[in-house]
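Under my numbering, think of the first position of the sequence shown as 11, with each following residue one higher.
Quick reminder that beta carbons are idealized off the backbone N, C-alpha and C, glycines included.
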Amino acid sequence: MITAIKNNSLLDFENELCLILNTYSNEIEKAKKIIIFIEDVLKQLTDWLKNHVFESIQEEIKFFKEIKPNIVAKLIFYKEILLLFATLPLDKNKKIKHFEKKIDAINQFHRRNREFIKYIKSQSTHFDELYFTRKKYKDLFLNDCSVIIHDAKLCTSHDYLLAEVIAFELLALHIENRIDNLNQSCAITNNQFHSNLHWTAKKIDLIELIYALHESKVFDNGQSDIKEITHVFEKAFQIDLGDNITRSFIDIKNRKTDQTRFLNQLQDALETKIENDLN
Numbered sequence: 011m012i013t014a015i016k017n018n019s020l021l022d023f024e025n026e027l028c029l030i031l032n033t034y035s036n037e038i039e040k041a042k043k044i045i046i047f048i049e050d051v052l053k054q055l056t057d058w059l060k061n062h063v064f065e066s067i068q069e070e071i072k073f074f075k076e077i078k079p080n081i082v083a084k085l086i087f088y089k090e091i092l093l094l095f096a097t098l099p100l101d102k103n104k105k106i107k108h109f110e111k112k113i114d115a116i117n118q119f120h121r122r123n124r125e126f127i128k129y130i131k132s133q134s135t136h137f138d139e140l141y142f143t144r145k146k147y148k149d150l151f152l153n154d155c156s157v158i159i160h161d162a163k164l165c166t167s168h169d170y171l172l173a174e175v176i177a178f179e180l181l182a183l184h185i186e187n188r189i190d191n192l193n194q195s196c197a198i199t200n201n202q203f204h205s206n207l208h209w210t211a212k213k214i215d216l217i218e219l220i221y222a223l224h225e226s227k228v229f230d231n232g233q234s235d236i237k238e239i240t241h242v243f244e245k246a247f248q249i250d251l252g253d254n255i256t257r258s259f260i261d262i263k264n265r266k267t268d269q270t271r272f273l274n275q276l277q278d279a280l281e282t283k284i285e286n287d288l289n
């Protein structure tokens, strides 16, 4: 495996990781086994790296930008998972808040490192030699608080930060799936509730209504989750609103005119009904 990693291949590493994932079902036990495995891989890699001389700058950049961060990211991810599940409350609502607190921390990390993340996401390369080589003398940006130096022989200024970016993206996705599962587990099921009503207006109209109700705090004194409300409406009106209603809400906000179009139509319809009944 180490030979493959030295040759810039993560295939054997990923295969071994999958084997452990398929062997254990308990989250905590799984995380512990993977942490032990990755720490052993990194120890071997570190011993090799101490005496290795890369043949070119590009080879060194590839290792510290593509290979090492992806291994370290998995270690960070599973250490976070271990901590997250070892301190998980029993109550469903407290579990959700526990997860949401971690999401908030991840969002703060993203805000602090937005420029570097933008650099990585845009697949830029102009600072690669600065960020991902171990040159002893580099003109580091004075305002770049994200620079992390460990052992200059083993680390570059930004390879660990990149590992954190990768790890926290994986963690955020994992947590969001967990929150969805918790919400759906207590939502109305088909056996508990059945309706012959079908939503026949546009999907985006229903999303506009859901957001209005959520922001008005009419459910559970404002403690309800937008995804839980959405799930109930989907069950009640036999409609699939898709996985990302947040994206649809952004479309609503980006309307140049009449942002609350459907709500205005509802108001007009009700006022017309009242007026007709009074006449």
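- Taking a contact as a CB-CB distance under 8 angstroms, the pair Leu273 and Glu218 counts as one, their CB atoms being some 6 angstroms apart.
- The alpha-carbon of Ile44 is positioned some 7 angstroms away from that of Leu27.
- By the Cβ rule, the region 58–78 does not count as touching the region 113–126, because fewer than three pairs are nearer than 8 angstroms.
- Shown here, Ala246 sits in a helix according to DSSP, grouped into three states.
- As the crow flies, the alpha-carbon of Ala182 is around 7 angstroms from that of Ile116.
- The criterion of a C-beta distance shorter than 8 angstroms is not satisfied by Lys263 and Leu192.
- Burial state of His168 is buried, judged by a 10 Å Cβ sphere holding 16 or more other Cβ atoms.
- In the displayed model, Ala211 falls within coil according to three-state DSSP, outside both helix and strand.
- Assignment of Glu49 by DSSP, reduced to helix, strand and coil, places it in the helix class.
- With contacts defined by Cβ atoms closer than 8 angstroms, Tyr170 and Val51 do not form a contacting pair.
- Less than 8 angstroms divides the Cβ of Ile130 from the Cβ of Val175.
- Non-local C-beta neighbours of Phe178 in its own chain, meaning closer than 7 angstroms and more than five positions away in sequence, comprise Ile116 and Phe119, ordered along the chain.
- Around the beta carbon of Leu288, a 10 Å sphere encloses fewer than 16 other beta carbons of the protein chains shown; the residue is thus reported as exposed.
- Excluding its 5 nearest sequence neighbours in each direction, His108 has C-beta neighbours in its own chain below 8 angstroms: Leu94, Thr97, Leu98 and Pro99, listed in chain order.
- Between the C-alpha atoms of Phe247 and Thr240 there is a straight-line separation of about 11 angstroms.
- For the pair Ile214 and Asp261, the CB atoms are nearer than the 8 angstroms cut-off.
- Under the three-state reduction of DSSP, Cys165 is assigned to coil, being neither helix nor strand.
- A distance below 6 angstroms between beta-carbons, with the five flanking residues on each side excluded, links Phe74 to the following residues of its chain, in chain order: Phe142, Thr166 and Asp169.
- With a beta-carbon spacing of about 7 angstroms, Ile249 and Leu216 fall inside the 8 angstroms limit used to define contacts.
- Burial check for Lys145: the Cβ neighbour count within 10 Å stays below 16, so the residue is exposed.
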